[in-house]
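Trainee:
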Amino acid sequence: MKLYFKKILIRFSITIICFSSIFSQCIGDLNDDYSVNIQDVIIIVNTILNNDEVNYEIADINNDQNVNIQDVIGIINIILFEDNPCTSQINITYNIHESLPEDWIIEFYIIIDNLISIIPANQNNFNDLNVYAWNSSVQDPYLGIEGGTYIGGGDEGFIMVLEINEMEFEWNHMHRLSVIAHEYFHVYQLSINEPMNEPNGQYNPNGFSIKWLIEGTATSFESLYVQDYYNYNYFNNDLVHTELSSLIHTNPSVFESYSSNNIDNNYTSSVFMVLVLVKELINQGYTEYEAFRMIFKEFMQTGAKNSDWEIYFLDMFGFSVDYFYNVLQSYPLNLEGVFPSSLLSIEEIFN
Ligand SMILES: [Zn+2]
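Add 1095 to the 1-based position in the sequence shown for this note's numbering, that's all there is to it.
Below you can see the structure in the form of structure tokens.
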């Protein structure tokens, strides 16, 4: 270990001088490049050996008022075991229209706040998000922003559009809140899977647009969110009433494409497939939390794209897509049979 450090020290000693006075806010990121990596290890080793001045806030990883070998190990641990802790979060600009009820607006900010802390969307692939929200009772109020509920790409980053149906306020329908979690989850997916950011109007091998994995997860997530935070069983009260398509048994690959939307009302068939995948992972010995974490987060983080997602699928879940599509036939087309447990904590899933 020591020898290794000495070798790289010599090679990088010139570079280090350039970085030594730069100030950073992120622990372990000594050269302030928004990433904790080998360069930071080199800098801290050099600092220790030369007794150089260093910003303790950033270099004293274990907070013992000393910068020493323990902190070198601390930085190595950050590199090995933490997702990049230094990336900034995306900038969100809120355009929340006055047509929306005040209590919805308050709840909107509470939900977004929760989600940002549980599944922060970092500036990995894009930097800005504009949110446009209004009540469907008024004409589309934002110039050039088409109504509906969706995430769209714009010239200046992504947009989240939440045109909430006025009936949902009248009936106090939970969808008026769950849709916030659904659309934010797409923002999170975009932030952790680069291929999803690619244009997807038509088949793009470098994009990622496998619908049942994108929408089945987002809809499962919104359901788990309202189950956790509002004690409302969206699976049982809402989704269960939509008929599941028999194509789940006969030709499930049709749900890979968004052109199956007409037979996938409320994405319920996609949700069914995701929940079966959870059950199958539990059969493999994973906990329910681990299963959701693998599907919601870790699979997306592999960088899977349309041309190679089946390879990552096999790698992540331990069985092939074909195997999984066959297994679907052993599950009766009844959403109730694959409900997740009602006590799941969203926070715990992403821990
Ligand atoms: Zn969606």
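Positions of the beta carbon are idealized from the N, C-alpha and C atoms, including for glycine.
Quantities reported herein were computed from a predicted structural model and do not represent experimental measurements.
Return the Cβ separation of Tyr1237 and Ser1304 in integer angstroms, given the expectation that the two are a contact with Cβ distance under 8 Å.
Mentor: Incorrect: roughly 26 Å between the Cβ atoms, too far for contact.
Trainee: Inspect the beta-carbon positions of Val1149 and Ile1170 and report whether they are closer than 8 Å.
Mentor: Cβ atoms of Val1149 and Ile1170: not closer than 8 Å.
Trainee: With Asn1190 as the anchor, note down where its beta strand (DSSP E) starts and where it stops.
Mentor: Looking at the DSSP string, the run of the beta strand (DSSP E) that includes Asn1190 is Asn1186 to Ile1191.
Trainee: If we count the other Cβ atoms within 10 Å of its Cβ and call it buried at 16 or more, is Glu1258 buried or exposed?
Mentor: With 16 or more other Cβ atoms within 10 Å, it is buried.
Trainee: Give the single residue among Gly1296, Ser1437 and Ser1341 whose Cα lies nearest to the Cα of Tyr1420.
Mentor: Considering only alpha carbons, the answer is Ser1341.
Trainee: Give the straight-line distance between the Cα atoms of Val1366 and Ala1276, rounded to the nearest whole angstrom.
Mentor: Straight-line Cα distance between these residues: approximately 15 Å.
Trainee: On the CB-based measure, 16 or more other CB atoms within 10 Å of its CB, does Val1256 come out buried or exposed?
Mentor: Buried, because 16 or more other Cβ atoms sit within 10 Å of the Cβ of Val1256.
Trainee: Provide the residue span of the beta strand (DSSP E) that contains Asp1223, from first to last.
Mentor: Asp1223 to Asn1230 is the extent of the beta strand (DSSP E) around Asp1223.
Trainee: Should Ile1201 go down as buried or exposed, given a rule of 16 or more other Cβ atoms within 10 Å for buried?
Mentor: Exposed, by the Cβ-count rule.
Trainee: Starting from Glu1261, trace the alpha helix (DSSP H) in both directions and tell me its first and last residue.
Mentor: Glu1261 -> alpha helix (DSSP H) spans Glu1261 to Glu1265.
Trainee: On the DSSP letters alone, give me the boundaries of the alpha helix (DSSP H) that Thr1142 sits inside.
Mentor: It spans Ile1133 to Asn1145 - the alpha helix (DSSP H) in which Thr1142 sits, taken as one unbroken run.
Trainee: May I have the straight-line CA-CA distance separating Ile1309 from Phe1394, to the nearest angstrom?
Mentor: Answer to the nearest angstrom: the Cα atoms are 11 Å apart.
Trainee: Whole angstroms are fine: how far does the CA of Asp1124 sit from the CA of Ser1425?
Mentor: Cα to Cα, the separation comes out at about 50 Å.
Trainee: Taking the Cβ atom as the reference point for each residue, do Ala1216 and Leu1195 lie within a distance shorter than 8 Å?
Mentor: Cβ distance not < 8 Å, so Ala1216 and Leu1195 don't count as in contact.
Trainee: Let's test the definition: count the other Cβ atoms within 10 Å of the Cβ of Phe1176 and tell me whether it reaches 16, buried, or not, exposed.
Mentor: So Phe1176 counts as exposed.
Trainee: Which residues in the same chain have their Cβ closer than 8 Å to the Cβ of Leu1285, if we skip the five residues on either side of it in sequence?
Mentor: For Leu1285, where only same-chain residues beyond five positions count, the Cβ hits under 8 Å are Ala1216, Asn1220, Phe1221, Ile1246, Phe1253, Met1291 and Asn1292.
Trainee: Could you check if Gln1184 is buried or exposed, using at least 16 other CB atoms within 10 Å of its CB as the buried criterion?
Mentor: By the neighbour-count rule (16 or more Cβ atoms within 10 Å), Gln1184 is not buried but exposed.
Trainee: Pull the bridge partners of Leu1257 from the DSSP assignment, please.
Mentor: For Leu1257, which the question treats as bridged, DSSP gives the partners Ala1228 and Thr1244.
Trainee: Report yes if the C-beta of Glu1197 is less than 7 Å from at least one heavy atom of ligand 1; otherwise report no.
Mentor: No - ligand 1 has no heavy atom lying nearer than 7 Å to the Cβ of Glu1197.
Trainee: Between which two residues does the alpha helix (DSSP H) harbouring Ala1154 extend?
Mentor: It spans Tyr1151 to Ala1154 - the alpha helix (DSSP H) in which Ala1154 sits, taken as one unbroken run.
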